[in-house]
Structure formats: C-alpha cells, structure tokens
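Position in the sequence shown counted from 1, then plus 10, gives you my numbering. Heads up, the beta-carbon is just placed ideally off N, CA and C, and yes, glycines get one too. These figures come from a predicted structure and were not determined experimentally. See structure below.
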Amino acid sequence: MDCVFCRIVAGDLPAATVLDEPDLVAFLDARPVFKGHVLLVPRQHVVTLPDLPAGLRDPFLETAQRLARAVVDGLGAQGSFMAMNNTVSQSVPHLHLHVVPRTKGDGLRGFFWPRTRYADGEAEEYAGRLRQALS
C-alpha cells in the first residue's frame, strides 16, 4: 500500500486520530498550518472529490460540518478555514479536506500556508480536545 493516508486508516502508520467512523477518518495534519489542523479522509481510497462515491457525499460534508464546530468548541478558535486540492497541489493522492482552526489576526493570508510542529505529546492533547468536542 503506497498511499500514506490508506496506511494511517489501516493503522499501519501512527496519527493523532480525531474521528474514527465506518466510512470516514479524521486525524491531525503532521505539519499543521495551526495546531488543531485536521484532515478528513474517506476510508476507501478515493483520489479526488469527483471520484467520491455518491453515497459518501452527504456523510463527508456532514462530518466536515462537525469538525468545523469542533475546532471552535474544542480549541477556542473563532472559525475555520476549509480547503481541498484536486490533483494540482494535492500532496497525497487520497481525497482529504483540511479543517484549519482560525482566529482573527492569526496571520494566514491567501494561499500561503506556513507550517508549524507539535511538541512531544501535544498532538494527542489537541486530538483529545477535538474528540471531546465531537462527542
């Protein structure tokens, strides 16, 4: 299995999992724009949004809505930025939606995505806060 997201979904690679459901998984981006930056992926290997089976469209969007609320409720963000690349600039060829916590004045401008890192144990703390907000 060459797809890094398929390997995360299968449990072969570690990730700070935020949501684990029958058709969808969400986990923290290893190189977040801001701490709490979540990636939502279908379990099934799907490369782009046009490839997403019709039966997953509504669950995918509903879960995106839940994650948008969770970054506000669980992390104290004022809102979120959500983005998805299809082929061009898609770093992993597996459909994924970025849910990035936002706060006014956080410095994110346009499509320049600065990246940060988590300190030891910090990713799991953020994932836990998001899991709690989702429950």
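Presumed contact (8 Å Cβ cut-off) between residue i and residue j, rounded CB distance
i           : j           : result
residue 76  : residue 144 : 6 Å
residue 109 : residue 81  : 6 Å
residue 28  : residue 141 : 6 Å
residue 125 : residue 41  : 4 Å
residue 111 : residue 93  : With a Cβ gap of about 13 Å, residue 111 and residue 93 do not count as contacting.
Best match in the options for proximity to residue i [C-alpha to C-alpha]
i           : options              : result
residue 46  : 119, 117 and 91      : 91
residue 72  : 97, 117 and 107      : 107
residue 138 : 21, 20, 12 and 30    : 30
residue 98  : 74, 133 and 58       : 58
residue 114 : 100, 89 and 101      : 89
residue 60  : 100, 96 and 134      : 96
residue 74  : 100, 101, 49 and 131 : 49
Own chain partners of residue i with C-beta closer than 8 Å, once the 5 adjacent residues on each side are dropped
i           : result
residue 136 : 26, 38, 45, 46, 85 and 128
residue 62  : 52, 56, 70 and 105
residue 134 : 26
residue 79  : 143
residue 132 : 45
Residue i in three-state terms, based on DSSP
i           : result
residue 102 : coil
residue 80  : helix
residue 12  : coil
residue 30  : strand
residue 24  : coil
residue 144 : helix
residue 93  : strand
residue 51  : strand
residue 112 : strand
Beta-carbon contacts of residue i that lie in its chain and below 7 Å, excluding the five residues immediately before and after
i          : result
residue 69 : 33 and 34
residue 18 : 25 and 37
residue 23 : 14 and 17
Same chain only: Cβ atoms within 6 Å of residue i, ignoring 5 sequence neighbours per side
i           : result
residue 103 : 57
Closer than 6 Å: residue i CB and nearest the ligand GTP heavy atom
i          : result
residue 26 : The ligand GTP is not among the ligands present in this structure, which contains no ligands whatsoever.
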